[in-house]
Amino acid sequence: MLLLVAACGQTQVPTTSPALDTAGKQFSPPPANLAAIYFNTPTSAGPIIRVAVGVNTMVQVAPQTWMRLERQPGWHELRCISPGSVSATTITLAPGDLCFVDVEQPPGQATCTIRETAPELGRRAVLQGNRVMPL
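Numbers in the working numbering are just positions in the sequence shown, counted from 1, shifted up by 410.
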């Protein structure tokens, strides 16, 4: 079942089923020899932002949405791409890591931001949001 969510006046992004949303909110460890990254947009307003890991665009997030990706350990470049801006950061993942990354562009801000956040803040944002489908 495909559900759609939208913030006031925002373009819609496809979300997952309630079962997949609930499963992701359990914060289960990643499979052996992998790490998990939770991308989330904790703000209540702003544009849809595309997220890329390396050269691959993986997901689009909107206000109060999130996505979990499992990746190989090591160094990763993360980029946010919004209308009119691109920003990047890097992270290094170890096997078993659960990493939380905020992706946002509040109203009035000219560029999107992408940055690792504290686990307690990331978990709170995920629990309050809806899981989006990968691209």
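C-beta atoms are modelled at their ideal positions from N, C-alpha and C, and glycine is treated no differently.
Nearest residue (CA-CA) to residue i, options the options
i: Pro424; options: Thr453, Pro473 and Ala433; result: Pro473
i: Ile447; options: Pro483, Leu537 and Cys522; result: Pro483
i: Thr523; options: Phe510, Cys509, Thr499 and Pro441; result: Thr499
i: Pro452; options: Arg489, Trp476, Pro529 and Gly518; result: Trp476
Cα-Cα separation, residue i to residue j
i: Thr521; j: Ala462; result: 16 Å
i: Pro505; j: Arg478; result: 15 Å
i: Glu480; j: Thr426; result: 17 Å
i: Phe437; j: Ala528; result: 14 Å
i: Met543; j: Ser495; result: 23 Å
Under 7 Å between C-beta atoms of residue i and residue j
i: Pro457; j: Pro493; result: yes
i: Gly539; j: Asn443; result: no
i: Gly388; j: Arg533; result: Because residue 388 is not part of the residues shown, which for the chain are 411 to 545, the question remains open.
i: Thr525; j: Ile491; result: For the sequence presented, residue 525 should be read as Arg rather than Thr. It is not a contact, given that the beta carbons lie outside the stated cut-off.
Coarse secondary structure for residue i, derived from DSSP in three states
i: Gly484; result: strand
i: Val465; result: coil
i: Ala445; result: strand
Sequence-distant residues of its chain with Cβ nearer than 7 Å to residue i (five each side left out)
i: His486; result: Val463, Gly464, Thr500, Ile501 and Leu503
i: Leu545; result: Thr467, Met468, Val469 and Gln470
8 Å CB neighbourhood of residue i in its chain, flanking five on each side removed
i: Asp507; result: Pro440, Ala445, Ala446 and Pro483
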